[in-house]
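Here the structure comes first, spelled out in structure tokens, and everything after it is commentary.
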Amino acid sequence: MTFTLCAAAFCLVATALNLGGLAIAAVRLRPRGKPRPTPADAPAVTIIRPLCRINNYERETLASTFMLDYPSYDIIFCLEDGNDPVAGLVYNLMEKFPEVRAQLLIGQERRTKNPKLNNCLKGWDAAENPWIIMADSNVLMPSDYIQQMMGRWTEKTGLVCSMPIGTRPDNFWAEIECAFLNTFQARWQYVGESLGQGFAQGKSMLMRRDIVEAGGGLLKTLGAEIAEDAAFTKLVRQSGLHVHLVNAPFAQPLGARTGQEVWSRQARWAMLRRKTFPLMYLPELVTGGFFPIVAGIYAAWDANVNVAVVAAVLAALWFGSEALLARIAGWHFSSRMLLACALRDFLLPPLWVVAWLQQDYVWRGNTVNVKQVVAEELE
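Going by the working numbering, the sequence shown opens with residue 8, and the numbers climb by one from there.
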């Protein structure tokens, strides 16, 4: 009976914390409204977009960079291999939008253990403006993208970020990726920010050059960590500042996904979280609904309570509440998403274990060992 009571208590506490987190995120998030106007004193901004291969919806996401309603900005695309097909796409867009100042920098530098940072460093060196945005190539930018980022900046801000929100899933595996990105990872990011513990997210990051330079510079600061968003989080906190999130996070169109793509991406992110913030990563094992629901079902069975009713109620509380959050935030949530959320929570425990056991991953053709995190500046 003692074990049964513990199982019931664990189920109730975990469910309450889950609902509390969903409520915090629902209050914090704002549905996307009318485009924000540009302030009269809008500062000049440089957008750095690292490139590697052509992803789903790449033309649309890259083209969105040229269609921003902002008076003073320029774009620096960064690419390692000039033979990459994405180079032709970028040149085509630069010809189509000659009124927007843009350049494509090509070159391979191995100055750190982080392949993405290596690609971005040449853009950072070439950027002339004090305000810089780093944005992945698969982020779809709304016309007021810069205004939304700038609108979250205060005197206590060291970085403004946006979580990627999965949109346009073309198959069920892409729906599962939406379940990971949207009502799970984005939700907990907003909970952390609301509690004063904001974490950087590398998809879209607005920063001031002087803050980065005061912290040791981009190479030293970001090269000291295997993940650039973790390095930014630590830099900002050491500076006595905060990481803030935009009110309405930006879309990442997904298209079709395979199970291997979803698993490898989530395993990579899990490894990076475990490596950079191990104590914060520990409780991730029980943040999903798998263990609490199993505990609740066991407690109901041992106490001779209707197991089917308890399972249905718990599933409704865990996954129905996610559907409500998605509706409030204006995120994708089809009829298949309930099953996608359940399968996501089933995958969370093995992902957690893999993050502790696996030491390397392959990203864009680069093999990265998470043990090797010491920055190396090649002379």
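Glycine residues also receive a C-beta, built at the ideal position from the N, C-alpha and C atoms.
Quick caveat: nothing in here was measured; it's all calculated off a predicted structure.
Item	Value
Limits of the beta strand (DSSP E) - the one that Val146 falls within	Where Val146 is concerned, there is no enclosing beta strand (DSSP E), given that its DSSP letter is neither H nor E.
Nearest to Gly165 (by Cα), restricted to the options Pro50, Ala181, Val250	Val250
Where Ala16 falls: helix, strand or coil (DSSP)	helix
8 angstroms contact criterion, which Asn180 and Thr265 should meet: CB distance rounded	The amino acid occupying residue 180 in the given sequence is Trp; Asn does not appear at that position. Confirmed, Cβ separation roughly 6 angstroms.
Classification of Cys13 by the beta-carbon crowding that lies within 10 angstroms, buried from 16 upward	exposed
Reference Gly303; option with closest CA among Glu232, Leu324, Leu292	Leu324
Nearest-angstrom Cβ-Cβ length linking Leu29 and Ala336, presumed shorter than 8 angstroms	No, Leu29 and Ala336 are not in contact; Cβ-Cβ is about 11 angstroms, not under 8 angstroms.
Which listed residue (Phe326, Phe187, Ile139, Glu235) has its alpha carbon closest to that of Gly296	Phe326
Val380 - DSSP class collapsed to helix/strand/coil	Confidence is the limiting factor: at Val380 the pLDDT is only 49, short of 50, which leaves the residue's position unreliable, though a coordinate-based value still follows. Coil, per DSSP.
Whether Met148 touches Thr72 by CB criterion (7 angstroms)	yes
Delimiting residues of the beta strand (DSSP E) encompassing Thr53	52 to 57
Stretch-stretch touch, CB-based, cutoff 8 angstroms, three pairs: the region 234 to 243 with the region 252 to 265	no
Through-space distance from Val219 to Ile61, alpha-carbon basis	30 angstroms
Residue from Phe191, Thr294, Leu358, Ser144 whose Cα sits closest to the Cα of Val20	Thr294
Segment contact flag, the region 174 to 194 with the region 253 to 262, C-beta cutoff 8 angstroms, min 3 pairs	yes
Residue range of the beta strand (DSSP E) that includes Met74	Premise fails: Met74 is in no beta strand (DSSP E) and is neither H nor E.
Anticipated Cβ contact below 8 angstroms, Trp138 with Ala51, distance rounded	7 angstroms
Reduced DSSP category for Arg175 - H, G, I as helix; E, B as strand; rest coil	strand
For Ala347, the first and last residue of its enclosing alpha helix (DSSP H)	344 to 364
Neighbourhood of Gln196 by C-beta, 8 angstroms cutoff - its chain only, sequence neighbours within 5 removed	Met170, Gly205, Phe206, Gln208, Leu252
For Thr53 and Asp81, believed in contact at Cβ under 8 angstroms, the rounded distance	5 angstroms
Reference Tyr77, options Ile153, Asn25, Arg66, Asn90, closest by Cα	Ile153
Buried versus exposed, by CB contacts within 10 Å (16 or more), Glu384	Confidence at Glu384 is low in this model, with a pLDDT of 36, below 50, so the placement of that residue is unreliable and no value is reported for it.
Span separating the alpha-carbon of Asn125 from that of Arg275	18 angstroms
Beta strand (DSSP E) runs wholly inside the region 66 to 132, at least 3 long, in chain order	80 to 86, 109 to 113
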